[in-house]
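I have placed the structure first, in the form of structure tokens, so that the comments after it can refer back to it.
Number of protein chains: 2
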Amino acid sequence: MISSKAGYNYPVNKPRSILVVDDDKKIVTLVSLYLKNDGYQVICAYDGRQALDLALTAEPDLIVLDLMLPGLEGTEVCRALRARLIKVPIIMLTARSTEDDKLRGLDIGADDYITKPFSPRELVARVRAVLRRLDHLEPPQAEVLTFAHLKIYSSRREVWVNNRLVNLTPTEYRLLELMAHEPGKVFSRVDLIERVFGLDYQGLDRTVDVHVMNLRRKMEQNHPTRRFIVTVPGHGYRFEGEPEHEVSNENHHIS
Amino acid sequence: MISSKAGYNYPVNKPRSILVVDDDKKIVTLVSLYLKNDGYQVICAYDGRQALDLALTAEPDLIVLDLMLPGLEGTEVCRALRARLIKVPIIMLTARSTEDDKLRGLDIGADDYITKPFSPRELVARVRAVLRRLDHLEPPQAEVLTFAHLKIYSSRREVWVNNRLVNLTPTEYRLLELMAHEPGKVFSRVDLIERVFGLDYQGLDRTVDVHVMNLRRKMEQNHPTRRFIVTVPGHGYRFEGEPEHEVSNENHHIS
DNA sequence: TCGAATCTTCATCAAATCTTTATATCGGCG
DNA sequence: CGCCGATATAAAGATTTGATGAAGATTCGA
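In order, the protein sequence lines correspond to chains A and B. For reference, each letter of the first sequence is one residue, going 2 to 256 in the working numbering. For reference, each letter of the second sequence is one residue, going 2 to 256 in the working numbering.
Okay, structure coming up:
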């Protein structure tokens, strides 16, 4: 399997190979140049069919894949690979920067995306970042947290509410990610402070309130009827992952 | 400072005991104060010999240990305990913050260290963190308390009576959780006050009556024929919980 | 170094919660 | 039956808590 090559035990000295796929040859050439300059071996493909073949036979360590390709769409290539349980990291190139495209890329299993026009330098940086992440293979952490109307992509630290990107500060993101990992669990302000700011934090615990408020405001801007973070009076906050969780004490029956 | 009402953090189950060792009595006193305020039982020692004795006889759940001690060095105490395969978690207090000291502390089997001068709050936070880390390894304590027509989800702080959620105030929840942990045991009003509000509570013990009444009203709204909290005239209250009946299928309605 | 983004603190208000007080109820007992 | 101590209940007042807006402090990158 390809992914084993790109993973944990990969020899440090052997150069990584990267498959670059785009129907625009100029782009492929430019990107190859930069990647080679950074010490990678580069394989090229110019359509989807070719890309899929090479992905399977050459077993690259990473794929840079254009979303729109002649013959076989980039998304199809991605899906086909994932369907075969091939976990090689994929960075999507999206022509337009519509949110739809970005989301589509992440949803079908891409590890990262970058929108055209992009600087080759940034692409190289992202390649490095993705590979580094795999090498460290962080404590097994869900890469994507999915709930009704909410997706959290931890590889990019991105949060999407109702298919729209939410611009969060680092603190807000960490708060949300922490709580979303254990939906329903009540976190006290002290819990949150210790795990978001560290054990040596000196400030007031009321600070959490403000961050939660800002988080709510930003998220509910995209989904006014849904409250993701619920106050538990006297004790703290919790993330509600289930869309239909009834929180009233009215006299109705639960099936 | 963190404004958590003293007593809210008191563990429902058995309080943890912590051995604090330092030759500086002022430090011991200060640390003890903070730990007690967080709901721990504290034992003190002022030299290494005493520390080792107490560690063996009192069997504390955690030790806060100064590195430099008269008589027997902290490192020696630590080593001696580990040599006897005693795995009690140890947090080292190191006077200086040289990398050497830190490493030495961790090398000889400490679980964490903190360098002087330190904030008592940070120490308490580290104590909590170490204990939490250990708890994570153990089979988690009863996450759900289940009785006939009553479920208490402690991580969610939710109480369900007859499959309906009951909206409790913090005090009501704590009262119920405390008593439900020992069904049948009679709690005097003073017992309840001390464990729910803390030892420094100033009010009347009659206050408990009111909370019990509110608790009953809310619970019996969902199950009029059942009295969960029974009065024991002249003594206090006790929780009556029958173990849950056979539940074969979740998809039935209760009428 | 400056400026923008972010974080922290603070003041205020409304709502939830807690405590006290006063009165009602209950059970046992002479 | 009426008294007594103890508990239940309702209601009023006091306190605490959380939401929120805004000001000041800090951080970070250009």
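No residue lacks a Cβ here, since even glycine has one placed at the ideal position from N, Cα and C. Computed from a predicted structure; not experimentally measured.
Using a Cβ-Cβ cut-off of 6 Å (strictly less than) and excluding sequence neighbours within five positions of B/VAL231, which residues of its own chain qualify? Exclusion of the five residues before and after B/VAL231 leaves ARG239, GLU241 as the residues of its chain whose Cβ lies within less than 6 Å of its Cβ.
Among A/ALA130, A/VAL191, A/MET214, which has the Cα closest to the Cα of B/VAL125? Each of A/ALA130, A/VAL191, A/MET214 was checked against the Cα of B/VAL125, and the nearest Cα belongs to A/VAL191.
Taking CB distances under 7 Å as the criterion, tell me whether B/ARG157 reaches chain A. Taking Cβ atoms only, chain A reaches closer than 7 Å to B/ARG157, which makes this a yes.
Any contact of the stretch 186 to 204 of chain B with the stretch 111 to 131 of chain B, i.e. 3+ C-beta pairs under 8 Å? No: the two stretches stay apart, fewer than three of their Cβ pairs being nearer than 8 Å.
Jot down the residue ranges of each uninterrupted beta strand (DSSP E) in the stretch 152 to 191 of chain A, minimum 3 residues, whole runs only, in chain order. Runs found: 159 to 162, 165 to 167.
is_contact[A/ILE19, chain B] using C-beta, thresh 7 Å: A/ILE19 does not count as touching chain B.
What did DSSP end up calling B/LEU193 once you bin it into helix, strand or coil? In the structure shown, B/LEU193 sits in a helix (DSSP, three-state: H, G or I).
Say whether chain B places a C-beta atom closer than 7 Å to the C-beta of A/VAL233. Residue-level contact by beta carbon holds for A/VAL233 and chain B, with a gap shorter than 7 Å.
Between A/VAL43 and A/SER33, how many whole angstroms is the CB-CB distance? I'm expecting something under 8 Å. That pair is a contact at about 4 Å.
Ignore the nearest five residues each way along the sequence and tell me which others in A/PRO16's own chain have a CB closer than 7 Å to its CB. Beyond the five residues adjoining it in sequence on each side, A/PRO16 comes within less than 7 Å, by CB distance, of GLY40, TYR41, GLN42 in the same chain, given in chain order.
At least one CB of chain A closer than 7 Å to the CB of B/ARG127: is that the case? Yes, contact with chain A.
Against A/GLY185, what residues of chain B qualify as contacts under a CB-to-CB distance less than 7 Å, listed in chain order? The answer, in chain order, is ARG157.
With distances taken between CB atoms, is the gap from A/ASN223 to A/ASN168 smaller than 7 Å? No, they are not a contact pair.
Residue interval of the alpha helix (DSSP H) (run including B/GLN222): For B/GLN222, the uninterrupted alpha helix (DSSP H) segment begins and ends at 208 to 222.
Which chain A residues are close to B/ALA130, counting only those with a beta carbon under 8 Å from its beta carbon? Within chain A, the residues near B/ALA130 are GLU195, LEU200.
Against chain A, does B/GLU173 count as a neighbour if the rule is that its beta carbon must be under 7 Å from one of theirs? Look at B/GLU173: its C-beta is not under 7 Å from any C-beta on chain A.
Taking a Cβ distance cut-off of 8 Å, strictly less, list which residues of the stretch 205 to 231 of chain A are near chain B, in chain order. Using a CB distance below 8 Å, the part of the stretch 205 to 231 of chain A facing chain B consists of LEU205, ASP206, ARG207, ordered along the chain.
Locate the beta strand (DSSP E) running through B/ILE109, then write down its first and last residues. Note, B/ILE109: premise wrong, no beta strand (DSSP E); not H, not E.
Shorter than 7 Å from the beta carbon of B/GLU123 to some beta carbon of chain A? It does: the Cβ of B/GLU123 has a partner Cβ on chain A nearer than 7 Å.
Simplified DSSP assignment, three categories, for A/SER120: In the structure shown, A/SER120 sits in coil (DSSP, three-state: anything other than H, G, I, E or B).
Mind checking whether B/LEU63 and B/ILE19 have CB atoms under 7 Å apart? Between B/LEU63 and B/ILE19, the C-beta spacing is below 7 Å.
Residue environment, A/MET180, which counts as buried when at least 16 other CB atoms sit within 10 Å: Buried: at least 16 other Cβ atoms inside 10 Å.
Any heavy atom of the ligand ATP inside 6 Å of the beta-carbon of A/ARG83? Absent from the structure shown: the ligand ATP. Ligands present: none.
Under 7 Å, CB to CB, which of the residues in the stretch 27 to 41 of chain B have a partner in chain A? Using a CB distance below 7 Å, no part of the stretch 27 to 41 of chain B faces chain A.
Taking contact to mean 3 or more Cβ pairs, one atom from each stretch, closer than 8 Å, check whether the stretch 70 to 89 of chain A and the stretch 43 to 53 of chain A are in contact. A contact is defined here as three or more CB-CB pairs under 8 Å, and the stretch 70 to 89 of chain A meets this definition with respect to the stretch 43 to 53 of chain A.
Let me know the secondary structure DSSP gives B/GLN42 once reduced to three states. Here B/GLN42 sits in strand by DSSP.
Check whether B/GLU123 and A/LEU200 have beta carbons under 7 Å apart: Going by C-beta atoms, B/GLU123 is nearer than 7 Å to A/LEU200.
Count the other C-beta atoms from every protein chain shown that fall within 10 angstroms of the C-beta of A/VAL89, then say buried if there are 16 or more, exposed otherwise. Its Cβ being crowded by 16 or more others within 10 Å, A/VAL89 is buried.
Any idea what DSSP makes of B/TYR35, helix, strand or coil? Note: B/TYR35 maps to helix in three-state DSSP.
From the DSSP output, in three-state form, read off B/VAL89 for me. B/VAL89 falls in the coil class under three-state DSSP.
Mapping the DSSP letters down to three states, classify A/THR226 as helix, strand or coil. Here A/THR226 sits in coil by DSSP.
Consult DSSP for A/ARG17 and reduce its assignment to one of helix, strand or coil. In this structure, DSSP gives A/ARG17 a state outside helix and strand, which the three-state scheme calls coil.
Among B/LYS186, B/LEU177, B/ILE92, which has the Cα closest to the Cα of B/LYS219? Each of B/LYS186, B/LEU177, B/ILE92 was checked against the Cα of B/LYS219, and the nearest Cα belongs to B/LEU177.
Rounded to whole angstroms, what is the Cα-Cα separation between B/PHE188 and B/SER155? Roughly 20 Å between the two C-alpha positions.
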